[in-house]
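Trainee: Note that the protein sequences, when read in sequence, are chains R and C.
Here numbering that gives the first Met the number 0 is used: the first sequence runs in plain steps of one and ends on residue 214.
Here numbering that gives the first Met the number 0 is used: the second sequence runs in plain steps of one and ends on residue 214.
Cβ coordinates follow ideal geometry from the N, Cα and C atoms, glycine included.
Note that the structure is a prediction, hence the values are computed from the model and not measured.
There are 2 protein chains.
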Amino acid sequence: MKDDKITQLMSHQAIRRLPHYLKYLKNLDTASNDRISAAVMAADLRLYEGLVRKDLAFVSSVSGKPRVGFKIDDLISGIEHFLGYDMPNRAVLAGAGHLGKALLCYRGFESYKLEIVAAFDVAEKLIGSEICGKEVFPLEKARDLCPRLNVRIGIITAPAAVAQEVCDILVDAGVLAVWNFAPAQLSVPRGILVQNENMAESLAILSNHLTEKRR
Amino acid sequence: MKDDKITQLMSHQAIRRLPHYLKYLKNLDTASNDRISAAVMAADLRLYEGLVRKDLAFVSSVSGKPRVGFKIDDLISGIEHFLGYDMPNRAVLAGAGHLGKALLCYRGFESYKLEIVAAFDVAEKLIGSEICGKEVFPLEKARDLCPRLNVRIGIITAPAAVAQEVCDILVDAGVLAVWNFAPAQLSVPRGILVQNENMAESLAILSNHLTEKRR
DNA sequence: TAAATATCGATATTATAATATTGACTTGCG
DNA sequence: CGCAAGTCAATATTATAATATCGATATTTA
C-alpha cells in the first residue's frame, strides 16, 4: 500500500537497526506470550519508544494494537520480507586470500539468505580448487558465470590496488550491489550500491578513543 | 592549546573521514608542490570545502594560509598524531577461527600502527601453535598476559554465544577498547569503547537495496 | 604599489535524525 | 457499564551534521 514512499524514507541508520530487532524478536519466548510492545522492545534494546514504533511501522504491514502490542510473528516476517530475507541473494566473491577464505567459510550468512556461490581469483594455484565447498574460478569467467548463476552481489576481498578493476568486471557481469572489503574508494555507475566495510575507519575510532584515554 | 574541547566536538563521522584524508594526502605528489588547498581536497574527495576545513582544523595545529593552503606534511603528521598512529597500539585477538586467522595474517594493520601481539582460543589443538607468527594461548592466560604486554585493544572474533564472556575476560585483563566482530551486543563498563563490525547491518543495507531494485 | 584572486575561517542556513510530548484508542477491571 | 491503565500513532521539539554564504587576508601580478 504505502510501500513505495516508505522505502525512500527509511534511513540507512534505521535499516541498520532492523537486524537487531530481528535478532531480539527471534530470541523472545513466544510460548508464554506471542505479543510484544514497542515500549518493552525499546527498553530492552536501549532505544526510544517512538523510534522503535516508527521503524516497525515501516517494515510491518500490520499495525500494533493499543493495550496489546504487536504480534511477534508478524514483526519477524515483516522485517524479513522488508530485508528480502525471504528471497535468497546470490553472491560471488573476488579475491580468495585470507579474508576471502574466511568469508567463504562463514556459516552465519545462511540466516540472512546470502549464498556465496563461487569465488574468483587470479592465482594459478587457487584456480580449480575448492574452499569450503565453493569452487575458485579465474576472474575472466565472471562475465560468463554471474548472469548464468543469477548473481546479484559481488564481494570484493582483493587487494586495494586491483579493487577498482575487479569491481568493474563484476559490475559488467551484472552485479547490482558490491560489498567492498578492500581499503579503496570504488566508483560505480548510477544505481549500483557500494557498501564499504572499511576497517581503517573503525580503527580510527578505536585509536582516537585510546588517544583520548591517555590524556 | 585548544586540544581539550576539540576532541569532544569531533563526531564519529568526522573521525571516519580522517583515514580517507590521510590516504589521499599520502598519495599526493609532493615533489612538484608541497601544499594543498581544502578546495582541491574537497573536489577530489567529493566533499564540501567547509567540511574539509572544519575537519582539518581539528586535527592540525597549524592553520592554512590564504592563497597558499596547507602544508601537506603538516596535515599528514597532524592526522597521524590525532589518530595516535605515531604511538603503536597493541592488541590481542580472541577466537582463532577463519576470521581470526584472516585478521592475524592481515598485513594492512601495520600502517595504522596496530600490532596484534597474541591470540587466544579454547580449542586444544590450536593452543601452542603459531598463526602468521603469533602464538595462540589459552583464554585463561589473558588476565596475566595482557597487562604484561601492555595491550589496550581486544579483538573479538569468537562465536556470538561466547562473545560476552570473552569480552568480560578481556576487559578484566585491562583492554580499553574492544573491536567486536561477533554478531552480539556487548555490554561493558563505562569508559570502555566497543566498536562493532557488524556484517548483519551491512547485509541489511545491501539486501534492502536489492529488494528495492526488484520493484 | 595597488588591484585581483585564491584561499582561509567563521557564521548562517538547511536537512536529517533523535528525542519528547500529546491525544486517542483498546482492553481489562471495579 | 464506565473508568483506569497500557499502548499506539502522530506531532512537536531538540540536537546534530551537512551545506552554503560571507568577509578577511596573504600572495601574485600588472
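Relative to the alpha-carbon of C:VAL91, which residue among C:ASP72, C:PHE57, C:ALA172 has its alpha-carbon at the smallest distance?
Mentor: The residue with the shortest Cα to Cα distance from C:VAL91 is C:ALA172.
Trainee: Nearest by alpha-carbon distance to R:ASP143: which of R:ASP85, R:VAL170, R:GLY49 is it?
Mentor: Comparing Cα positions, the closest option is R:VAL170.
Trainee: Quick check: the segment 104-116 of chain R against the segment 81-89 of chain R, are at least 3 beta-carbon pairs closer than 8 Å?
Mentor: Segments in contact, yes.
Trainee: Less than 7 Å between C-beta atoms, sequence neighbours within five positions excluded: which residues of the same chain meet that for R:LEU44?
Mentor: Around R:LEU44: HIS19, TYR23.
Trainee: Look at C:ALA141 and C:PHE108 and say whether their C-beta atoms are less than 8 Å apart.
Mentor: Going by C-beta atoms, C:ALA141 is not nearer than 8 Å to C:PHE108.
Trainee: Quick one: is C:LYS64 buried, meaning 16 or more other Cβ sit within 10 Å of its Cβ, or exposed?
Mentor: Exposed, by the Cβ-count rule.
Trainee: Since I believe C:LEU21 is in contact with C:GLU79 (beta carbons under 8 Å), could you give me their beta-carbon distance rounded to a whole number of angstroms?
Mentor: About 7 Å separates the two Cβ atoms, so the contact holds.
Trainee: Show which residues of chain R have a CB atom less than 7 Å away from the CB atom of C:ARG151.
Mentor: Those are LEU209, listed as they occur along chain R.
Trainee: Under the three-state reduction of DSSP, which class applies to R:ALA159: helix, strand or coil?
Mentor: Looking at R:ALA159 - three-state DSSP - the assignment turns out to be helix.
Trainee: For chain C, is any of its Cβ atoms less than 8 Å away from the one on R:ALA117?
Mentor: For R:ALA117, the answer is no, since every Cβ of chain C falls outside 8 Å of its Cβ.
Trainee: Give a yes or no on whether the C-beta atoms belonging to C:LYS70 and R:LEU175 are separated by under 8 Å.
Mentor: Cβ distance not < 8 Å, so C:LYS70 and R:LEU175 don't count as in contact.
Trainee: Cβ atoms of C:VAL39 and C:ALA95: under 8 Å apart, would you say?
Mentor: Not in contact: C:ALA95 and C:VAL39 (Cβ atoms no closer than 8 Å).
Trainee: Beta-carbon separation of R:ALA183 and R:ALA203 under 8 Å?
Mentor: No, Cβ-Cβ distance for R:ALA183 and R:ALA203 is not below 8 Å.
Trainee: What's the call for C:GLY49, buried or exposed, on a 16-neighbour Cβ count within 10 Å?
Mentor: Exposed, since its Cβ has fewer than 16 Cβ neighbours within 10 Å.
Trainee: Could you work out which residue in R:SER206, R:PRO146, R:ASN195 is closest to R:ALA162 when comparing CA atoms only?
Mentor: Per the Cα distances, R:ASN195.
Trainee: Are the CB atoms of R:LEU98 and R:PHE180 nearer to each other than 8 Å?
Mentor: Closer than 8 Å, so yes.
Trainee: Look at the alpha carbon of R:ALA122 and the alpha carbon of R:VAL177, and state the distance between them as a whole number of angstroms.
Mentor: Each residue's Cα considered, the two are about 22 Å apart.
Trainee: As a quick exercise: from C:GLU200, C:CYS131, C:LEU74, C:ARG189, pick the residue whose alpha carbon is nearest that of C:ASP216.
Mentor: Any property of residue 216 of chain C remains undetermined from this structure, which presents chain C solely from 0 to 214.
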